[in-house]
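Reviewing the structure listed below.
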Amino acid sequence: ECRGQNIARFLYPQTVAGILKSGGADVSVGRSRFTVYGISTAAGSALYFVDSTRYRTLEKEFHESRPAVILAYFDNREELARESTNSEDTRVASEVEEVLIRWAQEMGGFLKKLSSGRFFILSDERHVRDAMEKRFPVLDAVRAVKAGDRLTATVSLGVSRGAKSPQEAEAWARKALDMALGRGGDQVAVMQGEDTYEFFGGLSKGVEKRDKVRTRVFAATLSDDMKESDTVLVMGHRYSDLDCIGAAAGIWSVACKSLGRPAYIVVDREHTLAGPLIDRLQKSCPDEQIFLSPSEALSLVTPKTMLVVVDTHSPDFVESTDLLSAVARVVVIDHHRMMVRHIENALVFYHEPFASSASEMVAELVQYLGDRAVTPAVAEAMLAGVMLDTKYFVLKTGVRTFEAAAYLRRKGADTVTVKRMFSDSIDAYKAKYRIVSNARMYGRFAVASTDAELPDIRVSAAQAADELLSIQGVDASFVIYPAGGVVNVSARSLGEVNVQLIMEALGGGGHLTMAGAQLSGVTVDQAREKLVAVIQAQKDKPHKS
Numbered sequence: 266e267c268r269g270q271n272i273a274r275f276l277y278p279q280t281v282a283g284i285l286k287s288g289g290a291d292v293s294v295g296r297s298r299f300t301v302y303g304i305s306t307a308a309g310s311a312l313y314f315v316d317s318t319r320y321r322t323l324e325k326e327f328h329e330s331r332p333a334v335i336l337a338y339f340d341n342r343e344e345l346a347r348e349s350t351n352s353e354d355t356r357v358a359s360e361v362e363e364v365l366i367r368w369a370q371e372m373g374g375f376l377k378k379l380s381s382g383r384f385f386i387l388s389d390e391r392h393v394r395d396a397m398e399k400r401f402p403v404l405d406a407v408r409a410v411k412a413g414d415r416l417t418a419t420v421s422l423g424v425s426r427g428a429k430s431p432q433e434a435e436a437w438a439r440k441a442l443d444m445a446l447g448r449g450g451d452q453v454a455v456m457q458g459e460d461t462y463e464f465f466g467g468l469s470k471g472v473e474k475r476d477k478v479r480t481r482v483f484a485a486t487l488s489d490d491m492k493e494s495d496t497v498l499v500m501g502h503r504y505s506d507l508d509c510i511g512a513a514a515g516i517w518s519v520a521c522k523s524l525g526r527p528a529y530i531v532v533d534r535e536h537t538l539a540g541p542l543i544d545r546l547q548k549s550c551p552d553e554q555i556f557l558s559p560s561e562a563l564s565l566v567t568p569k570t571m572l573v574v575v576d577t578h579s580p581d582f583v584e585s586t587d588l589l590s591a592v593a594r595v596v597v598i599d600h601h602r603m604m605v606r607h608i609e610n611a612l613v614f615y616h617e618p619f620a621s622s623a624s625e626m627v628a629e630l631v632q633y634l635g636d637r638a639v640t641p642a643v644a645e646a647m648l649a650g651v652m653l654d655t656k657y658f659v660l661k662t663g664v665r666t667f668e669a670a671a672y673l674r675r676k677g678a679d680t681v682t683v684k685r686m687f688s689d690s691i692d693a694y695k696a697k698y699r700i701v702s703n704a705r706m707y708g709r710f711a712v713a714s715t716d717a718e719l720p721d722i723r724v725s726a727a728q729a730a731d732e733l734l735s736i737q738g739v740d741a742s743f744v745i746y747p748a749g750g751v752v753n754v755s756a757r758s759l760g761e762v763n764v765q766l767i768m769e770a771l772g773g774g775g776h777l778t779m780a781g782a783q784l785s786g787v788t789v790d791q792a793r794e795k796l797v798a799v800i801q802a803q804k805d806k807p808h809k810s
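Position one of the sequence shown corresponds to residue 266 (the numbering used here), numbered consecutively onward.
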């Protein structure tokens with residue numbers, strides 16, 4: 266009953282003056298919705314309440330029932346088939362499909378099997394939003410399906426949300442699924458706008474792919490493209506490390522020695538973490554110029570120039586964004602989990618998130634591209650890259666990692682020489698342990714920081730993060746330090762915690778076990794506060810992700 270009551274009560278938070286000025290406003294009275302219009306007269310103001318309940322209900326139902334396309338992929342179908350008996354393989358595949366069918370029905374939709382391990386699910390906005398709030402429990406339901414004692418089934422889902430047409434919804438779902446698979450699988454990627462994603466899951470360490478057909482096909486394509494190029498430039502990420510330079514050296518040796526193309530590695534020698542390796546490679550070929558600065562490389566660019574980007578797939582992290590923009594023919598080789606913003610329109614995008622390192626990927630490639638050009642110095646460079654990213658064959662090490670290492674050893678890589686590449690100066694050694702000594706524990710997370718911007722601070726900080734993992738009870742470590750005018754965060758884990766997700770919350774990225782971020786316009790203390798808040802938010806989530 267509204268009669269006799271102050272009209273302002275039914276307008277809140279709107280006001281009469283605001284409605285008169287704006288030309289109308291939507292308000293709720295009980296369960297009814299009204300659009301209120303106002304006019305001013307000589308006698309005063311008058312408000313007209315137009316009942317819009319039916320239209321608002323229809324509008325809500327329209328948005329809630331918008332179709333959402335979901336594409337599902339059985340991540341480790343081939344692995345389970347290879348490791349199981351025929352009967353067990355059939356049982357596992359059937360159980361996974363049954364889980365997805367039940368989930369599709371719960372989502373108010375249906376499932377259609379596209380091929381072995383691929384499924385199409387049609388749902389709507391209402392059910393997708395509910396699944397997001399519950400953080401997609403279907404991931405856990407699929408993980409409950411096991412083959413034997415150690416193999417667990419996983420799926421990846423690409424979800425479209427808010428697309429304008431069925432065609433766009435299907436295209437978004439495909440892009441979202443590619444993103445989920447590029448980040449290692451066992452997760453959901455929800456695309457809800459151009460290059461706008463939300464991720465759920467990502468718990469598993471990934472399933473190593475042993476089928477080398479894809480590597481062979483890429484090697485043949487790369488060889489053909491190089492033969493059509495007048496110059497091959499190889500570029501990695503800023504502050505290049507051993508893996509970056511090792512992978513670049515492998516590609517350079519193939520292009521220059523095996524295929525006879527003029528080839529150069531583009532690197533800023535003033536800002537690199539692999540100075541000794543660069544010097545060693547150049548000394549091994551004293552009569553050739555292997556390395557160019559970004560400005561020198563720009564002067565060589567022609568329409569037939571090829572640029573091979575290694576150890577990164579982000580246009581924001583490359584050694585030279587100007588060079589990336591100038592070259593039309595680009596190839597990407599990387600092992601980091603897929604980032605939303607990545608290099609587009611590449612001739613070939615060779616991305617393997619299950620590989621330990623870019624050097625491992627290149628070590629496999631050169632075997633199909635003419636490995637007689639691989640000298641001991643180049644083999645040692647690639648082996649150093651593998652050892653860096655695996656922490657001496659401890660993290661992210663699969664069968665193919667050891668196969669690559671064995672191949673490099675056969676090509677003359679000396680393990681003692683490689684070990685010397687990891688030697689520190691006494692100042693860097695002291696800095697590392699100063700950082701470790703001021704670490705604080707936040708549950709099972711160790712966070713250390715330093716305000717000192719030392720010459721070797723990037724190396725010292727990364728090593729300090731590794732060192733913190735050796736402390737009992739530490740599942741993830743973070744080191745915060747200033748460098749290059751920004752505050753940097755170096756994150757490490759042993760696999761129980763996905764540090765990539767934590768770093769992405771700070772605008773960074775990386776791997777499940779190794780990631781980083783850069784924060785501008787903040788102090789080290791403010792960066793620590795942001796990091797601790799993200800860590801706490803991750804711990805509070807109902808599902809570890």
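Using N, Cα and C, we set each Cβ at its ideal position, and we do this for glycine too. As the structure is a computational prediction, the values presented were derived from the model and not from experiment.
| Asked | Found |
| --- | --- |
| Measure the beta-carbon distance from H502 to F582 and round it to whole angstroms, keeping in mind my assumption that it falls under 8 angstroms. | 5 angstroms |
| Quick check on the DSSP output: what are the complete beta strand (DSSP E) runs of length 3 or more inside the stretch 642-713, in order along the chain? | 705-707 |
| As an exercise, report each continuous alpha helix (DSSP H) stretch of at least 4 residues that is fully enclosed by the stretch 455-533, in chain order. | 478-492, 507-518 |
| Just to confirm my understanding: we take T280, look at its own chain, exclude 5 residues before and 5 after, and list those with CB closer than 8 angstroms. What are they? | A273 |
| Does DSSP put P332 in a helix, a strand or coil? | strand |
| Compute the distance between the beta-carbons of V712 and V787, then report whether it is under 8 angstroms. | no |
| Specify, as a first and last residue, the run of the beta strand (DSSP E) that P747 falls within. | 741-748 |
| Which whole-angstrom value describes the C-beta separation of R757 and L734, a residue pair presumed to lie in contact below a C-beta threshold of 8 angstroms? | 6 angstroms |
| Does the Cβ-Cβ distance between R594 and G449 come in under 8 angstroms? | no |
| By how many angstroms is the C-alpha of F710 removed from the C-alpha of Q554? | 46 angstroms |
| Confirm, please, whether the CB-CB distance from G466 to M604 is below 8 angstroms. | no |
| Which class does G303 belong to by DSSP, given the choice of helix, strand or coil? | strand |
| Closest to M686 by CA distance: which of V455, D544, V701 is it? | D544 |
| For the structure I just gave you, are there three or more beta carbon pairs, one from the stretch 485-504 and one from the stretch 522-541, closer than 8 angstroms? | yes |
| Looking only at its own chain, which residues have a Cβ that is under 7 angstroms from the Cβ of P807, when we skip the five neighbours before and after it? | Residue placement at P807 is poorly supported in this model, since its pLDDT is 47, which falls under 50; the coordinates still yield a value, given next. Excluding positions up to five away in sequence, the list reads R400. |
| Quick one: what does DSSP say Y277 is sitting in, helix, strand or coil? | coil |
| Could you spell out the range, first to last residue, of the alpha helix (DSSP H) harbouring M397? | 390-398 |
| Between which two residues does the alpha helix (DSSP H) holding V407 run? | 403-408 |
| Any idea what DSSP makes of R426, helix, strand or coil? | coil |
| What's the gap between the Cα of A729 and the Cα of V744? | 7 angstroms |
| Count the other C-beta atoms from every protein chain shown that fall within 10 angstroms of the C-beta of S425, then say buried if there are 16 or more, exposed otherwise. | buried |
| Per DSSP, which residues does L784 bridge with? Please list them. | V752 |
| Which same chain residues end up closer than 7 angstroms to I516 when comparing Cβ atoms and leaving out the 5 residues on each side of it in sequence? | V499, V573, V575, V627 |
| Can you tell me whether N351 is buried or exposed, with buried defined as 16 or more other CB within 10 angstroms of its CB? | exposed |
| Does the beta-carbon distance from L653 to D533 come in below 8 angstroms? | no |
| Go to D443, then tell me how far its alpha helix (DSSP H) extends in each direction, as first and last residue. | 431-447 |
| Does S293 come out as helix, strand or coil in the three-state DSSP assignment? | strand |
| Among I598, A611, T655, which one has its Cα closest to the Cα of E629? | I598 |
| Evaluate K676 with the Cβ neighbour count: other Cβ atoms within 10 Å of its Cβ, from every protein chain shown; 16 or more gives buried, anything less gives exposed. | buried |
| Could you tell me whether the Cβ of A646 comes closer than 8 angstroms to any Cβ of chain B? | No chain B is present in this structure, which holds just one protein chain. |
| From the DSSP output, in three-state form, read off R298 for me. | strand |
| Can you say whether I304 is buried or exposed, counting buried as having 16 or more other CB atoms within 10 angstroms of its CB? | exposed |
| Return the residue from the list P278, R637, S622, E353 that minimises the CA-CA distance to M779. | S622 |
| What are the partner residues of V575, as DSSP defines its beta bridges? | I598 |
| When DSSP labels each residue in this structure, what does P807 get in the three-state scheme? | Caution applies to P807, whose pLDDT of 47 falls short of 50 and renders its modelled position unreliable; the value that the coordinates give is listed next. Of the three classes helix, strand and coil, the one that applies to P807 here is coil, per DSSP. |
| State the CB to CB distance for the pair L404 and G423, rounded to an integer number of angstroms; the pair is presumed to be in contact (CB under 8 angstroms). | Not confirmed; about 13 angstroms, so no contact. |
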